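Using our numbering, the first residue of the sequence shown is number 9, and each one after it goes up by one. The beta carbon of each residue, even a glycine, is placed where N, CA and C say it ideally should be. Predicted model, so just to flag it, every value in this text is computed and none were measured.
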Amino acid sequence: MALALQALVFVLGDEPRTDRFLALTGLTPDALRAGVDDPVIMGAVLEFLANHEADLVAAAAALDIPPETLAAAWEKLR
């Protein structure tokens with residue numbers, strides 16, 4: 009779950025990416041804040057990254073991990 013939180017910080021660090029995430033997931037900022045300990049919400053963050061290769065690669069680079077690690081974390085939360 010810690011990796012998902014790091015991924016969320018990455019997503020929220022870029023306004024256009026944040027807007028796209030919220031639009032695609034249907035989450036509101038309030039729902040996102042309330043759900044940071046919810047595996048479903050954190051899974052949505054990882055799914056968002058896994059489904060867009062450019063974001064996945066950028067997040068992995070920012071977190072200094074292989075992209076496969078993020079994808080595997082998503083699989084665990086599914």
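**Request:** Under 8 Å Cβ to Cβ from THR36, same chain only, skipping five residues before and after it: list those, please.
**Result:** By one-based count along the sequence shown, residue 36 stands at place 28. These residues qualify, in order along the chain: LEU30.
**Asked** Mind checking ASP63: buried by the 16 CB within 10 Å criterion, or exposed?
**Response** On the sequence shown, position 55 is the one that residue 63 refers to. ASP63 counts as buried, since at least 16 other C-beta atoms from the protein chains shown sit within 10 angstroms of its C-beta.
**Message:** Just to confirm my understanding: we take ALA81, look at its own chain, exclude 5 residues before and 5 after, and list those with CB closer than 6 Å. What are they?
**Reply:** As a first step, residue 81 must be located in the sequence shown, where it is residue number 73. Taken in chain order, the residues that qualify are LEU11 and LEU54.
**Asked** Which of helix, strand or coil does DSSP assign to THR33?
**Response** The residue labelled residue 33 in the question sits at position 25 within the sequence shown. Helix.
**Request:** Keeping to the same chain, check which residues put their C-beta closer than 8 Å to that of THR33; ignore five residues upstream and five downstream.
**Result:** Along the sequence shown, read from residue 1 onward, the residue named residue 33 stands at position 25. Contacts found: ALA52 and PHE56.
**Message:** For MET9, tell me which candidate among ASP45, ASN59 and VAL65 has the shortest Cα-Cα distance.
**Reply:** What you label residue 9 is simply residue 1 of the sequence shown in a count that begins at 1. The shortest C-alpha separation from MET9 is found at ASP45.
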